[in-house]
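Under the working numbering, the residues of the sequence shown are numbered 1 to 201, in order. Only one structure is covered here, and it is reproduced in the block below.
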Amino acid sequence: MEGFDTELLPGSDDPFFAEAMTHVDALYRTALRMTRNPADAEDLVQETYLKAHRFRDGFTTGTNLRAWLFRILTNSFINEYRKRSRQPATTETGDLEDYYLFRRIKESGEDLGINPEATVMRMFLDDEVRQALEELPEQYRIAVLLADVEGFSYKEIAEITETQMGTVMSRLHRGRRQLQQKLWEYAQSRGYGDKEVRGTA
């Protein structure tokens with residue numbers, strides 16, 4: 001991750017810091033999707049580590065350090081960072097979009113005896129996918145990123161976002177549903193979807 005100033009942080013001989021740094025890539029990946037700007041993402045991750053070092057006494061040894069760091073990252077973004085963030089820039093969205101699109105196509109084609117994997121392989125996902133993620137309400141986007149990109153459990157997300165587990169489940173359900181709907185509409189606008197599925201039967 002370019003632009004990350006480790007000189008502001010303790011040395012690698014510090015066991016706490018050394019373990020914390022193993023999560024830097026995952027933190028940056030999530031920060032990039034939150035801020036939608038590489039420079040802002042780097043600043044947010046650095047701020048996360050500075051706070052982690054400053055408040056390390058608040059971390060209980062033997063508990064989930066990764067979740068603790070993500071809690072700091074998420075709170076920093078929600079409470080402070082988004083107020084002074086730069087304009088969004090194009091980012092990579094990874095495999096998350098393909099997962100949602102595949103699921104929707106599979107649901108439509110499973111009774112038709114077609115191969116959904118082959119259908120997805122013929123599709124081209126472009127900037128509209130990124131737009132779908134960016135248009136997702138912030139609280140839904142964060143929940144989806146933590147669950148479907150970083151693999152946190154409902155309980156861990158509740159702890160990270162300081163909300164009830166029922167709230168996490170609700171946000172994930174609504175966020176996933178909105179993403180699926182947007183991506184399905186994009187696919188249909190390109191002539192895919194039900195029409196494509198029936199044509200392969």
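Backbone N, C-alpha and C define an ideal beta-carbon position, used for all residues, glycine too.
Notebook entry, point to check: What three-state label does DSSP hand residue 177 in the structure shown?
Noted result: helix
Check: Roughly how many angstroms lie between the CA atoms of residue 64 and residue 155, to the nearest whole one?
Finding: 12 angstroms
Next item on the list: Starting from the C-beta of residue 58, find all residues in its chain whose C-beta is less than 8 angstroms away, skip the five residues before and the five after it, and write them out in chain order.
Entry: The answer is none, since no qualifying residue turns up.
Notebook entry, point to check: By the 10 Å Cβ neighbour count, where 16 or more other Cβ atoms means buried, how is residue 80 classified, buried or exposed?
Noted result: With fewer than 16 other Cβ atoms within 10 Å, it is exposed.
Checklist line | residue 179 vs residue 144 beta-carbon contact at 8 angstroms | finding: yes
Check: Contact check, residue 50 vs residue 31 under 8 angstroms by CB: the rounded distance?
Finding: Their Cβ separation, rounded to whole angstroms, is 14 angstroms, which puts residue 50 and residue 31 out of contact at 8 angstroms.
Margin query: Quick check on this structure: which residue in 62, 52, 56 has the alpha carbon closest to the alpha carbon of residue 76?
Written below: 52
Item checked: Per-residue burial, residue 46 [other beta carbons within 10 Å of its own, 16 or more giving buried] -> buried
Notebook entry, point to check: Which class does residue 62 belong to by DSSP, given the choice of helix, strand or coil?
Noted result: Here residue 62 sits in coil by DSSP.
Item checked: Spatial distance of residue 188 from residue 139 (CA atoms) -> 27 angstroms
Next item on the list: Kindly indicate which residue of 141, 48, 18, 35 has the alpha-carbon position closest to the one of residue 177.
Entry: Distances from the alpha-carbon of residue 177 to those of 141, 48, 18, 35 put 141 closest.
Next item on the list: Could you spell out the range, first to last residue, of the alpha helix (DSSP H) harbouring residue 164?
Entry: Unbroken run through residue 164: none, as it is neither H nor E.
Next item on the list: Kindly list the residues whose CB is nearer than 6 angstroms to the CB of residue 210, restricted to its own chain and excluding five residues on each side of it in sequence; keep chain order.
Entry: This structure does not reach residue 210, given that the chain is present from 1 up to 201, and the question cannot be answered.
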